[in-house]
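In my numbering, the protein residues as written are 1 to 111. Ideal Cβ placement from N, Cα and C applies to all residues, glycine included. Bear in mind the structure is a predicted one, so any value in this text is a computation, not a measurement.
Structure follows, in structure tokens:
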């Protein structure tokens with residue numbers, strides 16, 4: 001097994017680069033799925049050195065950047081279209097993940 005993001009000393013730098021890159025590329029169902037997956041992980045994990053306030057602040061900044069990306073209108077549209085088309089990548093975030101992350105694209109969808 002590899003190093004988890006919470007253990008990786010350069011995780012914040014990598015995640016910042018990742019969000020810049022996928023923002024530049026624009027929304028797709030695959031990118032929405034990846035963004036929601038990372039957002040869920042970051043919400044559940046703390047950096048290994050979380051006793052350092054500077055590291056905690058950087059982690060929190062990066063953690064909030066992923067849900068902020070999924071809240072953009074274009075990203076919500078792609079997610080809703082994918083769900084309507086039965087794309088499995090949208091079924092997962094719409095069901096168990098949406099309430100946990102309060103994903104805007106799926107707020108009005110009930111069980």
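- Task: Could you give the DSSP three-state label for residue 37: helix, strand or coil?
- Result: DSSP places residue 37 in helix when its eight states are reduced to three.
- Query: Using 8 Å as the Cβ pair cut-off and three pairs as the minimum, do the region 17 to 32 and the region 76 to 95 touch?
  - Reply: Because the criterion of three Cβ pairs below 8 Å is met, the region 17 to 32 and the region 76 to 95 touch.
- Sequence-distant residues of its chain with Cβ nearer than 6 Å to residue 89 (five each side left out): These residues qualify, in order along the chain: 29, 33.
- Going straight from the alpha carbon of residue 52 to that of residue 58, what length do you get? Separation of residue 52 and residue 58 (C-alpha to C-alpha, rounded to the nearest whole angstrom) is 10 Å.
- Do the CB positions of residue 65 and residue 15 come within less than 9 Å of each other? Taking 9 Å as the Cβ cut-off, residue 65 and residue 15 qualify as a contacting pair.
- Task: Please confirm whether residue 42 and residue 20 have their CB atoms less than 9 Å apart.
- Result: Taking 9 Å as the cut-off, the beta carbon of residue 42 is found no closer than this to the beta carbon of residue 20.
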